[in-house]
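Here's the structure we're looking at; comments come further down.
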Amino acid sequence: MRYRVACVGRPDGGVFGPAVAAYLPRLAGVAPTELWPVKGGRGRDPIARRRSEAAALRGVAVGRTVALDERGAAFTTEALARHVAELELRGEGRLTLWIGGADGLDPELVGAADERWRLSDLTLAHELALAMLLEQLYRVESWRAGHPYHRV
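Numbering (this note's numbering), first residue to last: 2 to 153.
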């Protein structure tokens, strides 16, 4: 699978920057992966900010789209690995995964996504969601490659 992770904001800042910096090259070593940060929306209106961010996220999408959303499908790591394998068997070779900013994803963008996944029942900082997503995708690809890292 080829991954494009499109996220709002700077992925290298804050306390989760080192985790992103650690897992991005690991994932890219087992599956072609691109990280596409887009600028966060400006202004006081959160709806306008989300719409601006949605346009930027939509603009970098390739292949099948996945919105990371709290109401999305929950997977175990093994189930996610099987799901990714099934997508490839159906001819879906590219996934763009959208991570919203501090205000979340625009509801219209979520509705336009081919799939919705959730990483947790908890509300996560978007930088933490990025680090968790990269780690889980690395774990998924490790499982698919027969590498012992997955430990599921």
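Backbone N, C-alpha and C fix where the C-beta goes; we use that ideal spot for every residue, glycine too.
Pull up the DSSP beta-bridge partners for residue i, would you.
{"i": "W99", "result": "A7 and A68"}
{"i": "A74", "result": "W118"}
{"i": "T34", "result": "Y4"}
Rounded to whole angstroms, what's the CA-CA distance from residue i to residue j? Just pull it up for me.
{"i": "L96", "j": "L134", "result": "13 Å"}
{"i": "L110", "j": "A55", "result": "6 Å"}
{"i": "L98", "j": "L106", "result": "12 Å"}
{"i": "V153", "j": "D46", "result": "Unreliable positioning characterises V153 in this predicted model, as indicated by a pLDDT of 47, which lies under 50. A coordinate reading is not provided."}
{"i": "R3", "j": "H148", "result": "18 Å"}
{"i": "Y24", "j": "G73", "result": "23 Å"}
{"i": "E142", "j": "D115", "result": "21 Å"}
{"i": "G112", "j": "D70", "result": "10 Å"}
{"i": "A20", "j": "T34", "result": "16 Å"}
{"i": "A29", "j": "A82", "result": "16 Å"}
{"i": "P12", "j": "R27", "result": "16 Å"}
{"i": "Y150", "j": "F17", "result": "21 Å"}
{"i": "R51", "j": "L36", "result": "20 Å"}
Apart from the five residues just before and just after residue i, which ones in its own chain have a Cβ nearer than 7 Å to its Cβ?
{"i": "V40", "result": "In the sequence on display, residue 40 carries Lys and not Val. Around K40: A57."}
By Cβ distance, which residues of its chain are closer than 8 Å to residue i, with the 5 residues on each side in sequence left out?
{"i": "H127", "result": "C8, V9, G10, I100, G101, G102 and A103"}
{"i": "G64", "result": "R3, R5, E93, G94, R95, L96 and T97"}
(message) Check whether the region 86 to 94 and the region 118 to 137 touch, using three or more Cβ-Cβ pairs below 8 Å as the test.
(response) The region 86 to 94, when compared against the region 118 to 137, does not touch it at the 8 Å Cβ threshold.
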